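With the sequence shown counted from 1, adding 118 to any position gets you my numbering.
Where a beta carbon is used, it is the ideal one built from N, C-alpha and C, also for glycine.
Please read these numbers as outputs of a predicted model, since none were measured by experiment.
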Amino acid sequence: MIKTDQATYRQCELLGQLLPQREILPSDSQYFKVKDFYWSAQQAAVSPQCFVQPGSAEDVSTIIKVAERAECPFAVKSGGHAAFAGASNIQDGITIDLQLLNEITVSEDRTTTRIGPGNRWVDVYSRLDAKNLMVVGGRVAEIGVGGLMLGGGISFFSARRGWALDGVRNYEVVVASGEILDVNLESYPDLYWALRGGGNNFGVVTRFDLETFPQPGMWGGMAYHSMDHNVTLNDAFFNFADAAHEDPDAQAYLAFCWLKDYESYVIMSEVTYARAVEYPEVLKPFTDVPAMSTTVRLRNMTDLALEMNATNPNGMRQVWMTGTFRMDREMLQACVDIFVEELQPVKYLNGIVPAAIVQLIGKDTIANFGRNGGNCLGIEPGEGPLVNLNLAFLWVDAADDEVVERVIRRVLERCEAKGRELGVWHRYIYQNYAGKHQDVFAGYGEENLRRLREISKKYDPEQVFQRLQPGYYKL
Ligand SMILES: Cc1cc2nc3c(=O)[nH]c(=O)nc-3n(C[C@H](O)[C@H](O)[C@H](O)COP(=O)(O)OP(=O)(O)OC[C@H]3O[C@@H](n4cnc5c(N)ncnc54)[C@H](O)[C@@H]3O)c2cc1C
């Protein structure tokens with residue numbers, strides 16, 4: 119039986135004795151500072167009985183053992199960028215805040231970097247840029263390493279190297295028994311496969327050892343275009359599926375946004391090239407489109423990630439949802455049209471910024487999903503090129519939650535219906551962009567889900583991470 123609030127509070131006190139200085143109670147002045155340190159207002163509104171900030175894998179092991187023996191509900195937080203309440207925080211439970219696990223160590227041969235889940239990507243990039251090295255990670259400075267790595271990790275380097283999870287050589291992970299395992303293709307191939315997309319279901323990862331590669335410089339940035347260029351940019355994106363195959367250093371995506379203050383829609387194109395080459399030919403179909411403003415220039419990854427951070431403020435109400443379809447010109451346009459048609463009820467809400475973003479999951483990226491024994495996402499090489507549709511709305515007032523949720527759901531439902539009508543809808547649901555109600559693991563395919571459940575029972579026979587850690591997507 120899961121413990122009541124009082125019993126959980128006693129476990130918080132016990133953790134305070136076992137791990138002095140590591141636990142933060144509501145009576146501590148630090149509590150509200152830590153609680154506010156979530157990206158969305160919904161997550162920051164959740165109040166755990168205590169936060170615990172482990173300083174080592176051994177500390178994490180102690181916490182998991184205490185939670186397991188006392189049947190205490192808990193949540194795990196890395197960068198706190200998952201949008202919905204309870205994803206990485208837990209009302210009246212214990213929230214394990216990993217921010218002190220912030221190691222960044224490049225191996226002597228410069229081919230691997232050990233990265234703690236307490237880091238934000240900007241910490242990683244600034245360290246690696248100084249050495250002209252890079253790893254595959256997130257694109258926005260303040261996102262946490264942990265959540266991004268365990269769900270996927272779309273990056274500027276994905277065509278050449280896959281998603282971030284494809285670049286993990288080894289995980290240090292605390293499993294349900296409290297054991298600390300080094301998980302790689304040789305040691306625990308089944309758990310290694312499961313961690314590459316399995317989210318928070320298999321343990322608490324206390325270190326990711328990531329493939330590291332030379333990266334002397336890059337080029338790119340964002341440009342804002344008027345909606346008059348909608349068809350041209352959609353065509354550019356459609357053709358980019360083949361062009362990117364020819365030149366996998368290129369990356370491009372489009373974001374369609376409503377700007378209330380300007381009473382207009384804009385299209386943001388984000389283009390990058392993973393080498394220090396200005397205006398590469400492959401990206402000309404985007405860069406030749408007239409822009410109201412552009413930031414493209416030669417730069418490094420840290421600079422790009424910081425720029426992207428500025429458009430993603432903390433402390434707002436947020437809801438994200440997602441779907442996947444096979445690249446199709448008509449479907450791309452339908453997504454834009456549906457987004458525009460359905461927005462009317464929310465267009466003038468306080469602080470509203472709704473966006474529909476399309477990103478390529480190209481053939482080369484999918485080919486990389488097969489590296490090192492493959493990941494568990496369930497996308498096969500013949501299925502690409504695919505497009506990820508990410509619906510992301512932010513606003514200010516809690517009173518508007520219901521209407522915003524209704525509208526974003528309606529946009530997704532209509533896009534899915536259109537995708538099915540055109541025969542291009544794909545079952546995959548990207549965990550890191552999904553809405554709370556979306557059945558992420560069903561999207562991995564029946565066989566993968568069956569295998570994930572089997573592996574979960576093997577390493578977590580009491581199903582600690584399913585029962586006691588209820589937040590986020592369960593198997
Ligand atoms: C502004 C913004 C930009 C983004 N950009 C990108 C992008 O470029 N590419 C991309 O692919 N995605 C992107 N995302 C999505 C992002 O990958 C997810 O939101 C991700 O969950 C964030 O990770 P986090 O550690 O900050 O989140 P958290 O909320 O801390 O964690 C998310 C989930 O992972 C679990 N978790 C975290 N760390 C661990 C761990 N060490 N062990 C076990 N479980 C853990 C948590 O329990 C939680 O359930 C972006 C999101 C935002 C808000």
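Buried versus exposed, by CB contacts within 10 Å (16 or more), residue i
i    : result
E131 : exposed
P191 : buried
M449 : buried
K481 : buried
P172 : buried
D379 : exposed
P307 : exposed
H343 : buried
G491 : exposed
E595 : Because the chain spans 119 through 593 in this model, residue 595 falls outside it and cannot be assessed.
V400 : buried
E141 : buried
Opening and closing residue of the alpha helix (DSSP H) in which residue i lies
i    : result
Q161 : A159 to A162
A185 : A175 to A188
V582 : V582 to R585
N357 : N348 to E364
R415 : That residue, R415, is in no alpha helix (DSSP H); its beta strand (DSSP E) goes R415 to R417.
V240 : W239 to D247
M410 : Premise fails: M410 is in no alpha helix (DSSP H) and is neither H nor E.
R278 : S276 to R279
Assigned secondary structure, residue i (DSSP; H/G/I helix, E/B strand, else coil)
i    : result
R527 : helix
S145 : coil
A201 : coil
M119 : A caution first: M119 carries a pLDDT of 47, below 50, which makes its placement in the model unreliable, though a value can still be read off. Looking at M119 - three-state DSSP - the assignment turns out to be coil, as it is neither helix nor strand.
T483 : helix
L570 : helix
P499 : helix
P332 : strand
L461 : coil
L219 : coil
L251 : strand
L309 : helix
G262 : strand
R606 : Residue 606 lies beyond the residue range present for the chain, which begins at 119 and ends at 593; the question has no answer from this structure.
A552 : coil
K576 : helix
N207 : coil
C130 : helix
C494 : coil
I456 : helix
D421 : helix
Terminal residues of the beta strand (DSSP E) in which residue i lies
i    : result
H343 : M336 to S344
D227 : Run containing D227: none; DSSP gives neither H nor E here.
C168 : C168 to V170
N508 : L504 to W513
A193 : F192 to K195
D215 : I212 to D215
Paired residues, beta bridge with residue i - DSSP
i    : result
M434 : S158
C375 : V384 and A473
Y289 : V301 and F326
T405 : Answer by DSSP bridge pairing: none, since T405 is not bridged.
T390 : G338 and Q369
W543 : F443
T231 : V224 and L328
L478 : V505
Beta-carbon proximity list for residue i, same chain, < 8 Å, skipping 5 on both sides
i    : result
G315 : L268, G269, G270, L283, N493, C494, L495, Q549 and Y562
M426 : R257, V258, A259, M340 and E388
N352 : L372, R447, L450, Q451 and V454
V184 : Q129, L132, L133, L136 and C190
I456 : V529, R532, C533 and K536
R238 : G197, A259, E260, I261, G262 and V263
Same chain, Cβ closer than 6 Å to residue i, five either side skipped, listed in chain order
i    : result
Y551 : W438, T440 and N508
V224 : T231
T229 : T330
S432 : What sits at residue 432 in the sequence shown is Asn, not Ser. Only W157 meet the Cβ criterion.
T601 : Outside the shown range of the chain, which is 119 to 593, sits residue 601, and nothing can be said about it.
G469 : W513 and V514
Residues near residue i in its chain [Cβ-Cβ closer than 7 Å; skip 5 each side]
i    : result
V164 : A203, G204, N207, I208 and Q209
G317 : L268, G269, Q549, Y590 and Y591
N357 : P403
Residue i: CB within 8 Å of a non-hydrogen atom of ligand 2
i    : result
A193 : In the structure on display, ligand 2 does not appear, and the ligands it does have are ligand 1.
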